[in-house]
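FYI, my numbering numbers position 117 of the sequence shown as 234, with every residue one higher than the one before it.
Using N, Cα and C, we set each Cβ at its ideal position, and we do this for glycine too.
Input: a single structure, listed below in structure tokens.
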Amino acid sequence: SRTSLPLADLVLDVERALLLDVEVAARPGVRPGAARAPLDAFADVAAAFADTGGAPGAGGGARAGSGGSLGAFLGWLAAADTRERGLEAPVTEVRDDAVQVLTVHASKGLEWDVVAVTGLVEGTVPSGTNGRPPGPANGWLGDIGALPYPLRGDRAGLPHWAVEGSSTQVDLAAALDDFREACGEHDVAEERRLAYVAVTRARRLLLMTGAQWGDGSRPRTPSRFLVETADLVGVGGVELLHWADAAEDGTANPRDALVARADWPFDPLGPRRAAVDDGAGRVLAALAERHAAPPVAPVGDRVGWAREVDLLLGERDASTRRDLAVALPRHLSASKVVALATDPVAFAARLRRPMPEPPNPHARRGSAFHAWLEERYGMAALVDVDDLPGAADESAGDEDLAALQAAFLASEWAERVPDAVEVSIETPVAGVVLRGRVDAVFRLPGDRWEVVDWKTGPPPGRDDDAGARTRAVQLAVYRLAWARLQGVPVEQVGAAFFYASAGRTVRPVDLLDAAGLERLVVAATDGV
118 SRTSLPLADL
128 VLDVERALLL
138 DVEVAARPGV
148 RPGAARAPLD
158 AFADVAAAFA
168 DTGGAPGAGG
178 GARAGSGGSL
188 GAFLGWLAAA
198 DTRERGLEAP
208 VTEVRDDAVQ
218 VLTVHASKGL
228 EWDVVAVTGL
238 VEGTVPSGTN
248 GRPPGPANGW
258 LGDIGALPYP
268 LRGDRAGLPH
278 WAVEGSSTQV
288 DLAAALDDFR
298 EACGEHDVAE
308 ERRLAYVAVT
318 RARRLLLMTG
328 AQWGDGSRPR
338 TPSRFLVETA
348 DLVGVGGVEL
358 LHWADAAEDG
368 TANPRDALVA
378 RADWPFDPLG
388 PRRAAVDDGA
398 GRVLAALAER
408 HAAPPVAPVG
418 DRVGWAREVD
428 LLLGERDAST
438 RRDLAVALPR
448 HLSASKVVAL
458 ATDPVAFAAR
468 LRRPMPEPPN
478 PHARRGSAFH
488 AWLEERYGMA
498 ALVDVDDLPG
508 AADESAGDED
518 LAALQAAFLA
528 SEWAERVPDA
538 VEVSIETPVA
548 GVVLRGRVDA
558 VFRLPGDRWE
568 VVDWKTGPPP
578 GRDDDAGART
588 RAVQLAVYRL
598 AWARLQGVPV
608 EQVGAAFFYA
618 SAGRTVRPVD
628 LLDAAGLERL
638 VVAATDGV
């Protein structure tokens, strides 16, 4: 199961399966590094959680001994969401070409020329229960999962429930009331520190606002922080732009009188319709005028035509020679390594603009053949996203599944018992983690092994040496990864393709070793 992977690897697999890396890379006007910052920050959190055995930072919601498992990580994320308003945001980069919307926590340590702090009403800043102004709070007594204040390392700065000396229920109740009042005051003090962070982010101009009416039926009270700032009008450049009069009792929410409207059918251009129609009309008129005009060059101007043809051909050649600057992913499947070795430029183009693959009926036959082999060996396993059985057999014919099974039963592999099937492997080569899934591994005498990849398509033709060499790259990756996994020299691991459509086993010679694969990746990525 994929859930048994290390937590950091599982997070990267989920990112890849959901195509999140592609989505953030496609954001227009955003540098790839900045676009990936939230994904990288989340991956770092997962890695820290796994490295610390399930308790990174102060927000640990995992039980002791969880060992950084997936269940513990999900529980910790849920606890961080409910108790700490989510994870700490990644460090934000200040930009002067955009309006940035951030939480107060995410703005720590940063400054802008102009800052607007909004939502300054009681119950929001400072926060309260269900939007009500803050008051007495229960502290750790109101959260069954919270650590009691006396057991915390920062207990000296936290409210104390003075139960010592309480000899009666009345004394205990009075001590509890004092504790709840102290907790409420402590919460407001924490909110004040947070508000201080917010208002000190501005270098030149600070705008503080609060709305008297929200979605509720009652008017909201201005935040005490906003009131305290308004009391400073005339001091140090503080100006009061507007202050609404207190609403009388029984005043209805003005928003209730607003009637929502919607145009139907929906016009995707909205208020831009007239301008777009006018622009389209101008373009059509210009095109009509252009086609009606006489040709610019005389019919006999062959020199001018030749010059224009040369310019067009030069433009075409320049576009075809343009190098694609594409960042290579940190991980590649074995089949993608084959594609990289076959045509680096085409691989870079697909990496830069991923396109859906057309339906491949042979991939379904390959999946059925692999499933039959797993059932025969009694070792079924889940299949990774990039390693669907048979998906790499792009040149396969239309063989019937029964014919493939018959060819296998007549081969040398029918009577052999594999040591493992559908083994997920990965190994680093030239700074890139190469991943794949080995169909079967057989143990040989003398601490030797043989990795086998089942193919349902036809083998390469006798004249297709280049195709055979590039296919062998896949086996070279499998062989190297298995050798490293077993801790044996790569020379002690053999590799073979079994082409079920032809009933033929191919054992490539001169498979690349670690140095050869590294040279291949480095050479292929020079133009990527």
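*Spell out the partners DSSP gives valine 162 in its beta bridges.*
According to DSSP, valine 162 bridges with nothing at all.
*Report the three-state DSSP secondary structure of proline 545 (helix, strand or coil).*
strand
*Can you give, in chain order, each stretch of the alpha helix (DSSP H) that sits fully within the stretch 330–368 and has at least 4 residues?*
341–347
_Per DSSP, what are the beta-bridge partners of phenylalanine 615 in this structure?_
Trp571, Thr622
*In the stretch 197–285, which residue ranges form an unbroken beta strand (DSSP E) of at least 3 residues, counting only runs that do not cross its ends?*
229–234
_Give me the residue from Asp348, Glu205, Trp229 with the minimum Cα distance to aspartate 214._
Trp229
*Close Cβ partners of proline 385 (< 7 Å) along its chain, the five nearest in sequence each way excluded*: none
*Assuming alanine 458 and threonine 544 form a contact by the criterion Cβ under 8 Å, report the distance between their Cβ atoms to the nearest whole angstrom.*
Rounded, the Cβ-Cβ distance is 16 Å, inconsistent with contact.
*Under 7 Å Cβ to Cβ from tryptophan 599, same chain only, skipping five residues before and after it: list those, please.*
Ile542, Val555, Val558, Trp566, Val568, Val610
*Close Cβ partners of histidine 303 (< 6 Å) along its chain, the five nearest in sequence each way excluded*: Pro276
*Selected residue, minimal CA-CA separation from glutamate 529, among Ala617, Asp373, Val221, Arg552*: Ala617
*asked:* Tell me the residue span of the beta strand (DSSP E) that contains alanine 319.
replied: 319–325
*Return helix, strand or coil for serine 452, following the three-state DSSP convention.*
helix
*Between the Cα of valine 626 and those of Ala640, Gln603, Ala585, spot the shortest distance and give me the residue it belongs to.*
Ala585
*How should alanine 423 be labelled, buried or exposed, when 16 other C-beta atoms within 10 angstroms of its C-beta is the threshold for buried?*
exposed
_Rounding to the nearest angstrom, what Cα-Cα distance links alanine 151 and arginine 337 in this structure?_
38 Å
*First and last residue of the alpha helix (DSSP H) that includes threonine 587?*
582–603
*C-alpha gap between leucine 490 and leucine 430, whole angstroms*: 54 Å
*Check whether the Cβ atoms of arginine 624 and valine 607 lie closer than 8 Å to each other.*
no
_valine 280 to valine 242 span [Cα, whole Å]_ = 32 Å
*With DSSP collapsed to three states, give me the class of arginine 565.*
strand
*Check each candidate in Asp564, Thr246, Pro446 and name the one with the smallest Cα separation from glycine 604.*
Asp564
*Could you tell me the distance, in whole angstroms, from the CA atom of valine 594 to the CA atom of alanine 263?*
50 Å
_Which residues DSSP lists as bridging glycine 553, in chain order_ = Ile542
*Could you give the distance in angstroms between the alpha-carbon of glycine 192 and the alpha-carbon of tryptophan 257?*
20 Å
*What's the C-alpha gap between glutamate 511 and proline 576?*
Per-residue confidence for glutamate 511 stands at a pLDDT of 44, beneath the threshold of 50, marking its modelled position as unreliable; no derived number is given.
_Proximity winner among Ala485, Tyr494, Glu539, relative to leucine 521 (alpha-carbon distances)_ = Ala485
*According to DSSP, is aspartate 627 helix, strand or coil?*
coil
_Alpha carbon of glutamine 329 to alpha carbon of arginine 249, nearest angstrom_ = 14 Å
*Tell me phenylalanine 559's beta-bridge partners as DSSP assigns them.*
Glu567
*asked:* Between Ala196, Gly282, Thr235, Thr317, which has its C-alpha nearest isoleucine 261's C-alpha?
replied: Ala196
*Pair within 8 Å by beta-carbon distance, alanine 160 and valine 139*: no
_Considering Cα atoms alone, identify which of Asp126, Gly548, Gly483, Arg533 is closest to aspartate 517._
Gly483
*Per DSSP, valine 610 is paired with what?*
Trp566
*asked:* Taking the beta carbon of serine 334 as the centre, do at least 16 other beta carbons fall within 10 Å, making it buried, or is it exposed?
replied: exposed
*Have a look at the DSSP bridge pairing and note the partners of alanine 458.*
Beta-bridge pairing links alanine 458 to no other residue.
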